[in-house]
Amino acid sequence: MTAVSKVFSRRDLDFLLYEWLDAEALTARERFAEHSRETFDAFLDVSQQIAERDFAPHNRTGDLNEPTFDGERVTMIPEVGRALKVFAESGLIAAGFPAEHGGLQLPHVVQRACFLWFQAANTGTSAYAMLTSGNAHLLLTHGTEDQIRRYVHPMLEGRFTGTMCLSEPQAGSSLSDVATRAVRQDDGTYLVNGGKMWISGGDHELSENIIHLVLARVAGAPAGVKGLSLFIVPKKNPDTGERNGVVLAGLNHKMGYRGTTNTVLAFEDAVGELVGEEGRGLAYMFLMMNEARIGVGSGAVALGYTGYLHALSYARERQQGRPVAGKDPAAPPVPIVEHPDVRRMLLASKSYVEGGLALVLWAAKLLDEPSPENDLLLDTLTPIVKAWPSQWCRLADDHAIQVHGGYGYTREYPVEQFYRDNRLNSIHEGTDGIQALDLLGRKVIQKGGAGLALLLDRIRVTAVRTPELGAHVSKAADRLAATTAKLWADGDAAKALVNATAYLDAAGHLVIAWLWLEQLLAAEGKEGDFYEGKRLAARYFVTHELPRIGPMLDLLDSGDTLLRDMDDAWLG
């Protein structure tokens, strides 16, 4: 391993895991009793090693050589399969699963930290593992013992991969319009017919089988999401190896994540097995959807972070220009990191990616310490965990291109690919606008607003312990609470939600400001450049970034309904 990696920051992971979140204390819980700081570090070590050795080297190759389809099978560069084989053999794909199913019961927060290395090194290849893990987790929770044996265990062994099949060409994210049909057969199976679009990992030759989780409507079921059921539809019959009626109709070609096959699938009398009960498909699928949303937010952090590290390295090496006060044209140029505007972009990026990293690790830690309060907090904040990094950590990649100047948008430097890959995360697993509607329309008002109240209470407690910067954060928390109450005062959802995206941005920035205060407390009394960097980034975010929410909340408080009232004919 290199001492300083441009893929990700082990030093920051150690700080957040051990100095802030006290992940080592999780070993006192029965589920994690077999672990220790040493085993956590060993997993982090092997993750960095495999990510840098087996994933990062073909990141650009996979981007330039997309998977192809000749009408019969998908072909892709061989490095993808080799990397996933190493990943599976390391035990990482099953690391967080129960021991009775071949897992290692690694805490979610440590597993998330480990997987960030792979998302930063090669988001296209790592996507297959992320989807497979989510698929297996859903079936382990809602599947029968037989389904777990035939489908989950092979996935955790790395023999099968998994997908989620929700979207359709005519429906997109509007799942109430899903038209795929399922007809029950005498033997208890179902014949599934319909088309699915944008299915990541939907076809390839990387595994013995691909296990599709498909939302479909049983004949006679009611319209809307209440009529949806969930089915296991394998590419091949796991017992006979015969091809099922799952047909690859074509590949989509995206601007990023090019190493991940993105497919149009046709289900033609494909044999499927019902998961759980009919009519509860979307409720079951939300387990995988929410896990995927957190995974997307994590991936956005990883791509923003690696972009920042590449930009920082380049800014320290690139010699160009002279200080404003330097008048001697014969004087040597200085590293561009000395120029104030370059420092602005680097410091802003640092505050986004390190703040985003704290967010996804904190969310993972909530899963390791389940309680009614923690469950409510995670449910409330999942839209922010998905959407905030997708926007602001992508801005770190935008800054990385800018720091590189004219070189930044050339293919000779990796930062343009980081940006393209990261751009997709604002759409993956529900667009940012959908997350905004979920946050303001459901999450902050559910249970009488208990989730938001709990979050704001935690923010205020931290703010009191950090009075200088905390006063700004506490004031912002009070303002968000007041704005939320005002938006819902008359119960008019159409009016309350018209500017939901501004609400998501404001709430996200408030949460990140709070997490910077938390990091400030963890760094208190500690010396060295690393801790000074934490104090600098915390001060920057609270004083330069948090004020952005003022105009957002002003707009929300105004009751403006321009976006609802306009006529689309006026757009031209």
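The numbers in the working numbering rise by one with no breaks, and the one at position 388 of the sequence shown is 400. Even glycine gets a Cβ: it sits at the ideal position worked out from N, Cα and C.
| Item | Value |
| --- | --- |
| Option nearest A183 by Cα separation, candidates A228, L150 and A141 | A228 |
| Assumed close pair L242, L225 - CB separation to whole angstroms, cut-off 8 Å | 6 Å |
| Beta bridge counterpart(s) of C177 as assigned by DSSP | V226 |
| Inter-residue CB distance, R23 and L56 (contact presumed, cutoff 8 Å) | Not a contact, Cβ separation roughly 11 Å. |
| Terminal residues of the beta strand (DSSP E) in which M167 lies | That residue, M167, is in no beta strand (DSSP E); its alpha helix (DSSP H) goes H165 to L168. |
| Pick from D189, A494 and S219 that is closest to K238, judged by C-alpha positions | D189 |
| Where the alpha helix (DSSP H) containing P352 begins and where it ends | P352 to D380 |
| For N511, the three-state DSSP class (helix, strand or coil) | coil |
| Interface flag, E381 vs chain B, CB-CB below 7 Å | Looking for chain B here will not work: only one protein chain is present. |
| Contact between the region 205-217 and the region 169-180 (3+ Cβ pairs under 8 Å) | yes |
| Alpha carbon of S59 to alpha carbon of H113, nearest angstrom | 22 Å |
| Member of F130, R72, S383 and W526 whose CA lies at the smallest distance from the CA of G482 | W526 |
| Meets three-Cβ-pair contact criterion under 8 Å: the region 277-285 and the region 257-264 | yes |
| Nearest to A63 (by Cα), restricted to the options S17, E544 and L464 | S17 |
| Unbroken beta strand (DSSP E) run spanning A107, endpoints | Note, A107: premise wrong, no beta strand (DSSP E); not H, not E. |
| Backbone CA spacing between G316 and G232 [nearest angstrom] | 47 Å |
| Selection from A40, D444, A519 and F20 that minimises the alpha carbon distance to A68 | F20 |
| Expected contact under 8 Å - CB spacing of P119 and A35 to nearest Å | 6 Å |
| Endpoints, the alpha helix (DSSP H) within which W129 is located | H120 to A133 |
| Between the CA atoms of E285 and I222 - distance to the nearest angstrom | 14 Å |
| Proximity winner among K455, A337, G333 and P347, relative to L324 (alpha-carbon distances) | P347 |
| Cβ pair G520, I439 closer than 7 Å | no |
| For F67, the three-state DSSP class (helix, strand or coil) | helix |
| Cβ distance (whole Å) where A534 is taken to contact R547 below 8 Å | Wrong, their Cβ atoms sit about 11 Å apart, outside the cutoff. |
| Whole-angstrom distance between V427 and E289, CA atom to CA atom | 46 Å |
| Helix, strand or coil at K208 [DSSP, three-state] | strand |
| Under 7 Å between C-beta atoms of G170 and I244 | no |
| Exposed unless 16 or more other CB atoms sit within 10 angstroms - verdict on M142 | buried |
| Beta-carbon contacts of D566 that lie in its chain and below 6 Å, excluding the five residues immediately before and after | none |
| Proximity winner among D75, D82, R491 and G445, relative to G136 (alpha-carbon distances) | D75 |
| Beta-carbon proximity list for L389, same chain, < 7 Å, skipping 5 on both sides | L378, G463, L466 and L467 |
| Residue span of the alpha helix (DSSP H) that contains D199, given as start and end | Segment: none, D199 is in no alpha helix (DSSP H) and carries neither H nor E. |
| Secondary structure of L449, DSSP reduced to three states | helix |
| Alpha-carbon to alpha-carbon, V476 and V485 | 10 Å |
| C-beta atoms of Y431 and W404 nearer than 7 Å | no |
| Entirely enclosed beta strand (DSSP E) segments - the region 451-492, minimum 3 residues | none |
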